[in-house]
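Start counting the sequence shown at 0; every next residue gets the next number (numbering that gives the first Met the number 0).
This report refers to the structure that appears directly beneath it.
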Amino acid sequence: MTKPNQGETQLEDLEDLFENAPCGYLSAQPDGRIIKANLTFAGWVGHDREHLIGLKFQDLLNIGGKIYYETHFAPLLRMQGFFNEVALDIVRKDCSVMPSLVNAIERRDNTGGLQFIRITIFDASDRRRYERELLNARRAAEQATAELRDLNLSLEARVAQAVDERLRAEEALRQAQKMEAVGQLTGGIAHDFNNLMSVVLSGLSLLERRLAKGDSDVGKYVAAARDGANRAVKLTQRLLAFSRRQPLSPQALDANQMVSEMSEILRRTLGETIHLETVLAGGLWKAHVDANQLENAVINLAVNARDAMPGGGSLTIETANCHLDDVYAVEHEIRAGQYVMVAVTDSGSGMTPDVMAKAFEPFFTTKGVGKGTGLGLSQVFGFVKQSGGHLKIYSELNHGTTVKIYLPRLYGASKPARIAVDDMAASGSSSEVILVVEDDEQVLRLVVQMLRELNYGVLEARNGAEALHVLDDHPEIRLLFTDVVMPDMNGRQLADQAKQAHPELRLLFTTGYTRNAIVHNSMLDPDVHLLPKPATFEQLSSKIRAVLDSG
(Lines of atoms letter the chains of each structure in order from A and count residues from 1; the text may use other names and numbers.)
(Lines give C-alpha, C1' and ligand atoms only; values in the text may rest on other atoms or scores of the structure.)
Protein backbone atom coordinates (compact mmCIF):
# COMPACT_ATOMS: atom_id res chain seq x y z
CA MET A 1 0.00 0.00 0.00
CA THR A 2 1.37 3.35 -1.06
CA LYS A 3 1.45 6.04 1.67
CA PRO A 4 0.05 9.42 0.43
CA ASN A 5 2.59 12.18 0.35
CA GLN A 6 2.25 15.49 2.20
CA GLY A 7 1.12 17.47 -0.84
CA GLU A 8 -1.76 15.09 -1.51
CA THR A 9 -2.86 15.32 2.14
CA GLN A 10 -2.92 19.13 2.07
CA LEU A 11 -4.89 19.07 -1.16
CA GLU A 12 -7.47 16.75 0.38
CA ASP A 13 -7.75 19.01 3.43
CA LEU A 14 -8.33 22.05 1.27
CA GLU A 15 -10.94 20.21 -0.77
CA ASP A 16 -12.75 19.14 2.40
CA LEU A 17 -12.63 22.67 3.78
CA PHE A 18 -14.13 24.01 0.53
CA GLU A 19 -16.87 21.40 0.28
CA ASN A 20 -17.98 21.39 3.94
CA ALA A 21 -17.39 25.00 4.95
CA PRO A 22 -20.11 26.62 7.13
CA CYS A 23 -20.95 28.85 4.19
CA GLY A 24 -21.81 28.38 0.57
CA TYR A 25 -19.12 28.85 -2.10
CA LEU A 26 -19.83 29.48 -5.77
CA SER A 27 -17.41 30.18 -8.61
CA ALA A 28 -18.82 31.88 -11.70
CA GLN A 29 -17.45 32.78 -15.11
CA PRO A 30 -17.11 36.44 -16.09
CA ASP A 31 -20.58 36.21 -17.66
CA GLY A 32 -21.96 35.11 -14.31
CA ARG A 33 -22.60 31.45 -15.04
CA ILE A 34 -21.81 29.07 -12.19
CA ILE A 35 -18.94 26.70 -12.83
CA LYS A 36 -18.47 25.32 -9.32
CA ALA A 37 -20.54 24.96 -6.10
CA ASN A 38 -19.63 23.38 -2.78
CA LEU A 39 -21.65 20.67 -1.04
CA THR A 40 -22.78 23.08 1.71
CA PHE A 41 -24.59 25.36 -0.74
CA ALA A 42 -26.01 22.47 -2.75
CA GLY A 43 -27.39 20.96 0.46
CA TRP A 44 -28.97 24.28 1.50
CA VAL A 45 -30.85 24.79 -1.78
CA GLY A 46 -31.66 21.09 -2.34
CA HIS A 47 -30.19 20.86 -5.88
CA ASP A 48 -27.58 18.54 -7.24
CA ARG A 49 -24.38 20.32 -8.15
CA GLU A 50 -24.87 19.31 -11.77
CA HIS A 51 -28.12 21.27 -11.80
CA LEU A 52 -26.41 24.38 -10.50
CA ILE A 53 -23.63 24.34 -13.10
CA GLY A 54 -24.48 26.69 -15.96
CA LEU A 55 -27.03 28.74 -14.02
CA LYS A 56 -26.41 32.38 -13.14
CA PHE A 57 -26.49 33.26 -9.45
CA GLN A 58 -29.42 35.62 -9.95
CA ASP A 59 -31.42 32.69 -11.38
CA LEU A 60 -31.57 31.34 -7.83
CA LEU A 61 -33.27 34.50 -6.50
CA ASN A 62 -36.96 35.39 -6.33
CA ILE A 63 -38.38 37.90 -8.82
CA GLY A 64 -37.71 40.96 -6.66
CA GLY A 65 -34.22 39.75 -5.85
CA LYS A 66 -33.36 39.21 -9.50
CA ILE A 67 -34.42 42.74 -10.43
CA TYR A 68 -32.60 44.19 -7.46
CA TYR A 69 -29.43 42.21 -8.28
CA GLU A 70 -29.42 43.12 -11.99
CA THR A 71 -30.01 46.84 -11.37
CA HIS A 72 -27.77 47.35 -8.35
CA PHE A 73 -25.25 44.68 -7.46
CA ALA A 74 -24.17 43.36 -10.87
CA PRO A 75 -23.19 46.92 -11.95
CA LEU A 76 -21.56 47.50 -8.56
CA LEU A 77 -19.50 44.30 -8.97
CA ARG A 78 -18.35 45.32 -12.45
CA MET A 79 -17.52 48.85 -11.28
CA GLN A 80 -15.58 48.15 -8.03
CA GLY A 81 -14.88 44.42 -8.28
CA PHE A 82 -16.76 43.35 -5.12
CA PHE A 83 -19.76 43.85 -2.87
CA ASN A 84 -20.31 42.77 0.75
CA GLU A 85 -23.12 41.77 3.10
CA VAL A 86 -26.01 42.03 0.62
CA ALA A 87 -29.26 40.62 1.98
CA LEU A 88 -30.97 38.45 -0.67
CA ASP A 89 -33.58 35.68 -0.58
CA ILE A 90 -32.51 32.44 -2.39
CA VAL A 91 -35.29 30.10 -3.62
CA ARG A 92 -34.71 26.45 -2.76
CA LYS A 93 -35.74 23.45 -4.91
CA ASP A 94 -38.88 23.04 -2.77
CA CYS A 95 -39.70 26.73 -3.47
CA SER A 96 -39.03 27.77 0.12
CA VAL A 97 -36.97 30.88 0.71
CA MET A 98 -33.57 30.96 2.43
CA PRO A 99 -32.61 34.40 3.74
CA SER A 100 -28.96 34.96 2.83
CA LEU A 101 -26.08 37.38 3.15
CA VAL A 102 -24.05 37.42 -0.05
CA ASN A 103 -20.48 38.58 -0.72
CA ALA A 104 -18.90 38.62 -4.21
CA ILE A 105 -15.38 39.39 -5.44
CA GLU A 106 -13.66 39.22 -8.84
CA ARG A 107 -10.45 37.16 -9.15
CA ARG A 108 -8.00 38.37 -11.81
CA ASP A 109 -4.71 37.08 -13.20
CA ASN A 110 -1.37 38.86 -13.24
CA THR A 111 -2.32 40.75 -16.40
CA GLY A 112 -5.55 42.01 -14.88
CA GLY A 113 -7.78 39.68 -16.82
CA LEU A 114 -10.93 38.45 -15.07
CA GLN A 115 -10.58 34.74 -14.28
CA PHE A 116 -13.74 34.06 -12.23
CA ILE A 117 -16.08 35.49 -9.65
CA ARG A 118 -16.09 34.00 -6.14
CA ILE A 119 -19.50 34.26 -4.41
CA THR A 120 -19.81 33.52 -0.69
CA ILE A 121 -23.27 32.87 0.79
CA PHE A 122 -24.18 32.80 4.49
CA ASP A 123 -27.44 31.33 5.73
CA ALA A 124 -29.18 34.28 7.46
CA SER A 125 -32.28 32.37 8.54
CA ASP A 126 -31.36 32.59 12.21
CA ARG A 127 -30.38 36.22 11.84
CA ARG A 128 -33.59 37.07 10.01
CA ARG A 129 -35.60 35.26 12.65
CA TYR A 130 -33.70 37.10 15.35
CA GLU A 131 -34.39 40.39 13.57
CA ARG A 132 -38.09 39.55 13.37
CA GLU A 133 -38.12 38.60 17.03
CA LEU A 134 -36.23 41.77 17.85
CA LEU A 135 -38.69 43.82 15.79
CA ASN A 136 -41.62 42.13 17.49
CA ALA A 137 -39.98 42.69 20.87
CA ARG A 138 -39.43 46.32 19.98
CA ARG A 139 -43.06 46.71 18.94
CA ALA A 140 -44.12 45.00 22.15
CA ALA A 141 -41.82 47.27 24.13
CA GLU A 142 -43.19 50.34 22.37
CA GLN A 143 -46.72 49.16 23.12
CA ALA A 144 -45.77 48.48 26.74
CA THR A 145 -44.11 51.89 26.91
CA ALA A 146 -47.24 53.53 25.56
CA GLU A 147 -49.36 51.63 28.05
CA LEU A 148 -46.92 52.56 30.83
CA ARG A 149 -47.01 56.18 29.73
CA ASP A 150 -50.80 56.13 29.83
CA LEU A 151 -50.63 54.45 33.22
CA ASN A 152 -48.13 57.06 34.44
CA LEU A 153 -50.37 59.85 33.24
CA SER A 154 -53.24 58.25 35.09
CA LEU A 155 -51.09 57.74 38.18
CA GLU A 156 -49.77 61.30 37.97
CA ALA A 157 -53.30 62.60 37.82
CA ARG A 158 -54.28 60.44 40.80
CA VAL A 159 -51.11 61.39 42.70
CA ALA A 160 -51.68 65.07 41.89
CA GLN A 161 -55.22 64.74 43.16
CA ALA A 162 -54.02 62.96 46.31
CA VAL A 163 -51.26 65.55 46.86
CA ASP A 164 -53.75 68.36 46.33
CA GLU A 165 -56.10 66.80 48.86
CA ARG A 166 -53.22 66.34 51.30
CA LEU A 167 -52.03 69.91 50.78
CA ARG A 168 -55.53 71.16 51.48
CA ALA A 169 -55.65 69.03 54.61
CA GLU A 170 -52.20 70.27 55.69
CA GLU A 171 -53.22 73.86 54.97
CA ALA A 172 -56.33 73.37 57.06
CA LEU A 173 -54.15 71.90 59.83
CA ARG A 174 -51.65 74.77 59.55
CA GLN A 175 -54.50 77.24 59.67
CA ALA A 176 -55.89 75.53 62.78
CA GLN A 177 -52.42 75.53 64.37
CA LYS A 178 -51.95 79.15 63.35
CA MET A 179 -55.26 80.10 64.90
CA GLU A 180 -54.31 78.18 68.04
CA ALA A 181 -50.96 80.01 68.17
CA VAL A 182 -52.67 83.34 67.49
CA GLY A 183 -55.19 82.52 70.20
CA GLN A 184 -52.40 81.74 72.65
CA LEU A 185 -50.52 84.88 71.63
CA THR A 186 -53.50 87.21 71.77
CA GLY A 187 -54.64 85.63 75.01
CA GLY A 188 -51.24 86.27 76.55
CA ILE A 189 -51.16 89.82 75.19
CA ALA A 190 -54.69 90.54 76.40
CA HIS A 191 -53.92 89.19 79.87
CA ASP A 192 -50.66 91.10 80.34
CA PHE A 193 -51.74 94.27 78.56
CA ASN A 194 -55.04 94.54 80.37
CA ASN A 195 -53.23 94.14 83.69
CA LEU A 196 -50.83 96.92 82.72
CA MET A 197 -53.62 99.19 81.52
CA SER A 198 -55.46 98.52 84.77
CA VAL A 199 -52.46 99.90 86.63
CA VAL A 200 -52.31 102.97 84.35
CA LEU A 201 -56.05 103.71 84.45
CA SER A 202 -56.33 103.09 88.17
CA GLY A 203 -53.36 105.36 88.89
CA LEU A 204 -54.76 108.12 86.66
CA SER A 205 -58.24 107.81 88.18
CA LEU A 206 -56.88 108.10 91.71
CA LEU A 207 -54.63 110.96 90.59
CA GLU A 208 -57.63 112.79 89.11
CA ARG A 209 -59.74 112.31 92.28
CA ARG A 210 -56.95 113.43 94.62
CA LEU A 211 -56.21 116.55 92.55
CA ALA A 212 -59.92 117.37 92.45
CA LYS A 213 -59.87 117.31 96.28
CA GLY A 214 -56.83 119.55 96.35
CA ASP A 215 -54.57 116.77 97.61
CA SER A 216 -51.04 117.25 96.22
CA ASP A 217 -49.67 113.99 97.62
CA VAL A 218 -50.11 112.12 94.34
CA GLY A 219 -46.57 110.99 93.57
CA LYS A 220 -47.27 107.30 94.21
CA TYR A 221 -50.18 107.32 91.73
CA VAL A 222 -48.07 109.03 89.07
CA ALA A 223 -45.33 106.47 89.70
CA ALA A 224 -47.80 103.57 89.42
CA ALA A 225 -49.25 104.87 86.14
CA ARG A 226 -45.76 105.48 84.76
CA ASP A 227 -44.62 102.01 85.79
CA GLY A 228 -47.63 100.39 84.11
CA ALA A 229 -47.11 102.38 80.92
CA ASN A 230 -43.39 101.56 80.83
CA ARG A 231 -44.14 97.86 81.28
CA ALA A 232 -46.67 98.07 78.45
CA VAL A 233 -44.02 99.63 76.21
CA LYS A 234 -41.60 96.83 77.07
CA LEU A 235 -44.30 94.27 76.30
CA THR A 236 -44.81 95.64 72.78
CA GLN A 237 -41.04 95.83 72.28
CA ARG A 238 -40.72 92.17 73.23
CA LEU A 239 -43.51 91.22 70.86
CA LEU A 240 -41.82 93.12 68.03
CA ALA A 241 -38.54 91.37 68.88
CA PHE A 242 -40.24 87.97 68.86
CA SER A 243 -41.87 88.67 65.48
CA ARG A 244 -38.55 90.07 64.15
CA ARG A 245 -40.10 93.46 63.38
CA GLN A 246 -38.08 95.73 65.67
CA PRO A 247 -35.81 98.18 63.82
CA LEU A 248 -32.19 97.20 64.40
CA SER A 249 -29.09 99.32 64.01
CA PRO A 250 -26.21 96.79 63.74
CA GLN A 251 -22.67 98.09 64.14
CA ALA A 252 -19.21 96.70 64.84
CA LEU A 253 -19.20 95.29 68.36
CA ASP A 254 -16.47 93.93 70.62
CA ALA A 255 -18.42 91.33 72.62
CA ASN A 256 -15.58 91.00 75.15
CA GLN A 257 -15.77 94.71 75.94
CA MET A 258 -19.56 94.59 76.19
CA VAL A 259 -19.49 91.63 78.62
CA SER A 260 -16.79 93.28 80.71
CA GLU A 261 -18.75 96.54 80.96
CA MET A 262 -21.94 94.66 81.88
CA SER A 263 -20.36 92.51 84.58
CA GLU A 264 -20.77 94.94 87.47
CA ILE A 265 -24.37 95.76 86.57
CA LEU A 266 -25.15 92.03 86.30
CA ARG A 267 -23.57 91.30 89.70
CA ARG A 268 -25.83 93.87 91.33
CA THR A 269 -28.86 92.57 89.42
CA LEU A 270 -28.27 88.88 90.12
CA GLY A 271 -27.58 89.28 93.83
CA GLU A 272 -24.98 87.90 96.21
CA THR A 273 -26.09 84.26 95.96
CA ILE A 274 -25.09 84.06 92.30
CA HIS A 275 -21.39 83.73 91.49
CA LEU A 276 -20.76 85.44 88.14
CA GLU A 277 -17.74 84.45 86.04
CA THR A 278 -16.69 85.62 82.59
CA VAL A 279 -14.55 83.60 80.19
CA LEU A 280 -13.45 85.90 77.34
CA ALA A 281 -11.76 84.54 74.23
CA GLY A 282 -8.48 86.02 73.05
CA GLY A 283 -8.46 87.45 69.53
CA LEU A 284 -12.25 87.59 69.45
CA TRP A 285 -13.68 88.70 66.10
CA LYS A 286 -15.91 91.73 65.84
CA ALA A 287 -19.65 90.94 65.64
CA HIS A 288 -22.18 92.75 63.46
CA VAL A 289 -25.11 93.38 65.78
CA ASP A 290 -27.27 95.98 67.52
CA ALA A 291 -25.35 96.55 70.77
CA ASN A 292 -28.33 97.69 72.86
CA GLN A 293 -30.44 94.70 71.84
CA LEU A 294 -27.60 92.26 72.53
CA GLU A 295 -27.17 93.74 76.01
CA ASN A 296 -30.90 93.25 76.61
CA ALA A 297 -30.63 89.66 75.38
CA VAL A 298 -27.74 88.84 77.73
CA ILE A 299 -29.56 90.45 80.66
CA ASN A 300 -32.69 88.42 79.81
CA LEU A 301 -30.69 85.19 79.79
CA ALA A 302 -28.89 86.10 83.01
CA VAL A 303 -32.16 86.87 84.82
CA ASN A 304 -33.66 83.59 83.57
CA ALA A 305 -30.56 81.78 84.82
CA ARG A 306 -30.85 83.46 88.23
CA ASP A 307 -34.51 82.40 88.50
CA ALA A 308 -33.44 78.80 87.75
CA MET A 309 -31.09 78.94 90.80
CA PRO A 310 -33.35 80.05 93.68
CA GLY A 311 -30.84 78.69 96.21
CA GLY A 312 -27.89 80.32 94.50
CA GLY A 313 -25.32 78.96 92.08
CA SER A 314 -22.83 79.92 89.40
CA LEU A 315 -23.42 81.79 86.16
CA THR A 316 -20.80 81.95 83.39
CA ILE A 317 -20.76 84.27 80.40
CA GLU A 318 -18.37 83.05 77.72
CA THR A 319 -17.27 84.38 74.33
CA ALA A 320 -15.63 82.46 71.49
CA ASN A 321 -14.94 82.43 67.77
CA CYS A 322 -16.95 79.67 66.06
CA HIS A 323 -17.43 78.15 62.63
CA LEU A 324 -20.74 76.52 61.76
CA ASP A 325 -20.19 74.03 58.95
CA ASP A 326 -22.45 73.16 56.03
CA VAL A 327 -23.97 70.08 57.67
CA TYR A 328 -24.93 71.96 60.83
CA ALA A 329 -26.16 74.92 58.76
CA VAL A 330 -28.48 72.76 56.63
CA GLU A 331 -29.80 70.95 59.71
CA HIS A 332 -30.64 74.23 61.48
CA GLU A 333 -31.57 76.29 58.38
CA ILE A 334 -28.89 78.93 58.87
CA ARG A 335 -25.96 80.19 56.82
CA ALA A 336 -22.68 78.33 57.20
CA GLY A 337 -19.67 80.44 58.13
CA GLN A 338 -17.90 82.23 60.96
CA TYR A 339 -19.77 83.52 64.01
CA VAL A 340 -19.04 85.22 67.30
CA MET A 341 -20.54 83.23 70.16
CA VAL A 342 -21.83 84.60 73.45
CA ALA A 343 -22.91 81.83 75.82
CA VAL A 344 -24.70 82.07 79.17
CA THR A 345 -24.40 78.98 81.39
CA ASP A 346 -26.01 78.35 84.76
CA SER A 347 -25.86 75.54 87.32
CA GLY A 348 -29.60 75.63 87.91
CA SER A 349 -32.48 73.21 87.64
CA GLY A 350 -32.19 72.62 83.90
CA MET A 351 -35.01 71.80 81.49
CA THR A 352 -36.72 68.66 80.27
CA PRO A 353 -36.83 68.01 76.49
CA ASP A 354 -40.52 68.99 76.45
CA VAL A 355 -39.77 72.33 78.09
CA MET A 356 -36.84 72.97 75.74
CA ALA A 357 -39.10 72.34 72.73
CA LYS A 358 -41.42 75.15 73.90
CA ALA A 359 -38.82 77.49 75.38
CA PHE A 360 -38.98 80.01 72.52
CA GLU A 361 -42.78 80.15 72.32
CA PRO A 362 -44.26 83.50 73.43
CA PHE A 363 -45.94 83.54 76.84
CA PHE A 364 -44.64 80.05 77.64
CA THR A 365 -43.17 80.03 81.14
CA THR A 366 -42.46 77.52 83.88
CA LYS A 367 -42.44 80.26 86.51
CA GLY A 368 -45.27 80.80 88.91
CA VAL A 369 -48.15 83.20 88.27
CA GLY A 370 -46.94 86.80 88.27
CA LYS A 371 -43.26 85.80 88.17
CA GLY A 372 -42.66 85.89 84.42
CA THR A 373 -44.27 87.01 81.15
CA GLY A 374 -42.96 84.13 79.07
CA LEU A 375 -41.51 86.60 76.56
CA GLY A 376 -37.86 86.65 77.63
CA LEU A 377 -36.50 83.78 75.53
CA SER A 378 -38.88 84.44 72.65
CA GLN A 379 -37.60 88.02 72.53
CA VAL A 380 -33.98 86.83 72.49
CA PHE A 381 -34.81 84.25 69.81
CA GLY A 382 -36.51 86.84 67.58
CA PHE A 383 -33.66 89.34 67.97
CA VAL A 384 -30.96 86.76 67.16
CA LYS A 385 -32.81 85.46 64.11
CA GLN A 386 -33.51 88.99 62.89
CA SER A 387 -29.77 89.71 63.24
CA GLY A 388 -28.91 86.78 60.95
CA GLY A 389 -27.65 84.68 63.86
CA HIS A 390 -28.50 81.40 65.57
CA LEU A 391 -29.65 80.43 69.07
CA LYS A 392 -29.06 77.02 70.64
CA ILE A 393 -30.08 75.63 74.04
CA TYR A 394 -28.27 72.81 75.82
CA SER A 395 -29.86 71.68 79.06
CA GLU A 396 -29.91 68.72 81.43
CA LEU A 397 -32.40 68.37 84.23
CA ASN A 398 -30.88 69.16 87.64
CA HIS A 399 -27.51 70.01 86.03
CA GLY A 400 -28.02 73.38 84.40
CA THR A 401 -28.54 75.13 81.08
CA THR A 402 -26.39 76.78 78.42
CA VAL A 403 -27.82 79.20 75.89
CA LYS A 404 -25.48 79.99 73.01
CA ILE A 405 -25.97 83.07 70.84
CA TYR A 406 -24.17 82.93 67.48
CA LEU A 407 -23.81 86.34 65.83
CA PRO A 408 -22.50 86.99 62.29
CA ARG A 409 -18.82 87.86 62.18
CA LEU A 410 -18.11 91.34 60.83
CA TYR A 411 -15.79 91.44 57.82
CA GLY A 412 -14.10 94.68 56.89
CA ALA A 413 -14.36 98.08 58.53
CA SER A 414 -17.51 99.43 60.15
CA LYS A 415 -18.59 102.26 62.35
CA PRO A 416 -18.33 101.54 66.06
CA ALA A 417 -21.46 100.65 67.95
CA ARG A 418 -23.66 103.60 68.82
CA ILE A 419 -23.70 104.57 72.45
CA ALA A 420 -27.13 104.37 74.01
CA VAL A 421 -28.74 107.71 74.80
CA ASP A 422 -28.89 108.48 78.51
CA ASP A 423 -32.35 108.90 79.96
CA MET A 424 -31.72 112.41 81.27
CA ALA A 425 -33.30 115.70 80.29
CA ALA A 426 -31.14 117.96 78.11
CA SER A 427 -32.49 121.43 77.50
CA GLY A 428 -32.15 123.52 74.37
CA SER A 429 -32.61 127.16 73.46
CA SER A 430 -35.27 129.10 71.59
CA SER A 431 -32.82 129.69 68.72
CA GLU A 432 -32.83 125.95 68.04
CA VAL A 433 -36.05 125.65 66.08
CA ILE A 434 -37.66 122.24 65.62
CA LEU A 435 -40.46 121.40 63.17
CA VAL A 436 -42.70 118.63 64.53
CA VAL A 437 -44.75 116.74 61.93
CA GLU A 438 -47.46 114.45 63.31
CA ASP A 439 -50.91 113.51 61.97
CA ASP A 440 -52.28 112.51 65.40
CA GLU A 441 -53.56 115.72 67.02
CA GLN A 442 -53.10 114.66 70.65
CA VAL A 443 -49.61 113.27 70.08
CA LEU A 444 -48.64 116.46 68.22
CA ARG A 445 -49.92 118.69 71.00
CA LEU A 446 -48.09 116.80 73.76
CA VAL A 447 -44.77 116.55 71.86
CA VAL A 448 -44.86 120.28 71.08
CA GLN A 449 -45.57 121.01 74.72
CA MET A 450 -42.66 118.84 75.91
CA LEU A 451 -40.24 120.50 73.48
CA ARG A 452 -41.32 123.96 74.59
CA GLU A 453 -40.82 122.76 78.15
CA LEU A 454 -37.22 122.08 77.09
CA ASN A 455 -36.92 125.71 75.83
CA TYR A 456 -36.73 124.84 72.11
CA GLY A 457 -38.36 126.95 69.47
CA VAL A 458 -41.15 124.77 68.03
CA LEU A 459 -43.21 124.84 64.83
CA GLU A 460 -45.76 122.21 63.90
CA ALA A 461 -47.37 120.59 60.85
CA ARG A 462 -49.98 117.87 60.45
CA ASN A 463 -48.83 116.33 57.16
CA GLY A 464 -45.97 116.32 54.69
CA ALA A 465 -47.27 118.98 52.32
CA GLU A 466 -47.88 121.41 55.18
CA ALA A 467 -44.42 120.67 56.56
CA LEU A 468 -42.73 121.56 53.25
CA HIS A 469 -44.49 124.95 53.22
CA VAL A 470 -43.42 125.64 56.83
CA LEU A 471 -39.83 124.76 55.95
CA ASP A 472 -39.84 127.18 53.01
CA ASP A 473 -41.26 129.97 55.20
CA HIS A 474 -38.85 129.36 58.11
CA PRO A 475 -35.24 128.83 57.01
CA GLU A 476 -34.19 129.00 60.67
CA ILE A 477 -35.51 125.46 61.30
CA ARG A 478 -32.61 123.21 62.35
CA LEU A 479 -34.35 119.89 62.97
CA LEU A 480 -37.22 118.07 61.26
CA PHE A 481 -38.86 115.73 63.80
CA THR A 482 -41.40 113.68 61.83
CA ASP A 483 -43.61 110.67 62.25
CA VAL A 484 -42.89 107.94 59.68
CA VAL A 485 -46.38 106.57 59.04
CA MET A 486 -48.58 109.34 57.66
CA PRO A 487 -51.17 109.48 54.86
CA ASP A 488 -50.31 110.77 51.35
CA MET A 489 -46.64 111.45 52.12
CA ASN A 490 -44.76 109.36 54.68
CA GLY A 491 -41.92 110.65 56.82
CA ARG A 492 -39.20 109.21 54.59
CA GLN A 493 -40.59 110.92 51.49
CA LEU A 494 -40.97 114.19 53.41
CA ALA A 495 -37.39 113.99 54.68
CA ASP A 496 -35.99 113.31 51.19
CA GLN A 497 -37.74 116.35 49.71
CA ALA A 498 -36.83 118.53 52.69
CA LYS A 499 -33.16 117.55 52.45
CA GLN A 500 -33.02 118.51 48.78
CA ALA A 501 -34.18 122.03 49.57
CA HIS A 502 -32.37 122.32 52.94
CA PRO A 503 -29.17 120.22 52.93
CA GLU A 504 -28.11 121.31 56.44
CA LEU A 505 -31.40 120.20 58.01
CA ARG A 506 -31.11 117.55 60.74
CA LEU A 507 -33.58 114.64 60.69
CA LEU A 508 -35.17 112.62 63.46
CA PHE A 509 -37.88 110.02 62.81
CA THR A 510 -40.40 108.64 65.25
CA THR A 511 -42.84 105.77 64.89
CA GLY A 512 -44.65 103.10 66.80
CA TYR A 513 -44.05 100.55 64.06
CA THR A 514 -42.63 100.67 60.55
CA ARG A 515 -41.40 98.11 58.06
CA ASN A 516 -40.33 99.75 54.83
CA ALA A 517 -39.98 103.52 54.98
CA ILE A 518 -36.76 103.72 57.03
CA VAL A 519 -36.24 100.02 57.80
CA HIS A 520 -35.13 97.49 55.18
CA ASN A 521 -34.34 93.83 55.88
CA SER A 522 -35.17 94.65 59.52
CA MET A 523 -32.27 97.12 59.70
CA LEU A 524 -32.37 100.89 60.02
CA ASP A 525 -31.19 102.66 56.88
CA PRO A 526 -27.66 104.11 57.23
CA ASP A 527 -27.36 107.37 59.20
CA VAL A 528 -31.03 107.31 60.21
CA HIS A 529 -31.94 108.56 63.70
CA LEU A 530 -35.07 107.01 65.19
CA LEU A 531 -36.94 107.63 68.45
CA PRO A 532 -39.46 104.81 68.91
CA LYS A 533 -42.92 105.62 70.23
CA PRO A 534 -43.83 106.03 73.00
CA ALA A 535 -40.89 108.00 74.41
CA THR A 536 -40.50 109.48 77.87
CA PHE A 537 -39.71 113.15 78.43
CA GLU A 538 -36.11 112.21 79.23
CA GLN A 539 -35.72 110.00 76.14
CA LEU A 540 -37.14 112.71 73.89
CA SER A 541 -34.87 115.41 75.29
CA SER A 542 -31.73 113.26 75.10
CA LYS A 543 -32.40 112.11 71.54
CA ILE A 544 -33.18 115.64 70.29
CA ARG A 545 -29.99 116.91 71.90
CA ALA A 546 -27.92 114.05 70.43
CA VAL A 547 -29.18 114.67 66.88
CA LEU A 548 -28.67 118.44 67.08
CA ASP A 549 -25.14 117.96 68.42
CA SER A 550 -24.18 115.22 65.93
CA GLY A 551 -21.60 116.03 63.28
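Glycine included, each C-beta is placed from N, C-alpha and C at the ideal position.
Take the alpha-carbon of Asn320 and the one of Asn299: they are about 22 Å apart. According to the DSSP assignment, Leu269 belongs to the alpha helix (DSSP H) that extends over 254–269. Under the three-state reduction of DSSP output, Glu332 falls in the coil class, being neither helix nor strand.
Counting every other CB atom within 10 Å of its CB across the protein chains shown gives Ile52 a total below 16, marking it as exposed. Here the C-alpha atom of Val85 lies approximately 5 Å from the C-alpha atom of Leu100.
When DSSP reads this structure, Ile543 sits in no beta bridge, so it has no partner. Apart from the 5 residues on each side of it in sequence, Gly282 has no Cβ closer than 6 Å to any other Cβ in its chain. Here Met308 is buried: its Cβ has 16 or more other Cβ atoms, across all protein chains shown, within 10 Å. Contact annotation: Gly463 and Leu506 have beta-carbon atoms that are not nearer than 7 Å. With 16 or more other Cβ atoms from the protein chains shown falling within 10 Å of its own Cβ, Arg544 counts as buried. In terms of Cα proximity to Val343, the closest of Ser313, Thr510, Gly112, Gly490 is Ser313.
In this structure Gln385 is buried. Its beta-carbon is surrounded by 16 or more other beta-carbon atoms within 10 angstroms. Residue environment: Asp125 is assigned as exposed (fewer than 16 neighbouring CB atoms within 10 Å of its CB, all protein chains considered). The beta-bridge partner set that DSSP reports for Met340 consists of Ala319, Tyr405.
Annotated three-state conformation of Asp216 is coil, per DSSP.
Distances from the alpha-carbon of Glu105 to those of Ala497, Gly45, His331, Leu76 put Leu76 closest. For the pair Val483 and Thr510, the CB atoms are nearer than the 7 Å cut-off. CA-to-CA, the gap between Asp345 and Leu279 works out to about 16 Å. By the beta-carbon neighbour count (other beta carbons within 10 angstroms, threshold 16), Ala139 is exposed. Distance from the CA of Ser429 to the CA of Phe380, rounded to the nearest whole angstrom, comes to 45 Å. CA-to-CA, the gap between Tyr327 and Arg334 works out to about 9 Å.
Segment contact: the stretch 80–96 against the stretch 37–46, three or more CB-CB distances shorter than 8 Å; contact assigned.
Less than 7 Å separates the beta-carbon of Ala286 from that of Leu252. Annotated three-state conformation of Thr70 is helix, per DSSP. Restricted to the stretch 434–473, the alpha helix (DSSP H) segments that are unbroken, complete and at least 4 residues in length are 440–452, 463–472, listed in chain order. Excluding its 5 nearest sequence neighbours in each direction, Glu475 has C-beta neighbours in its own chain below 6 Å: Val432, listed in chain order. For a cut-off of 8 Å, the C-beta gap from Thr39 to Cys22 is around 7 Å, short enough to register as a contact.
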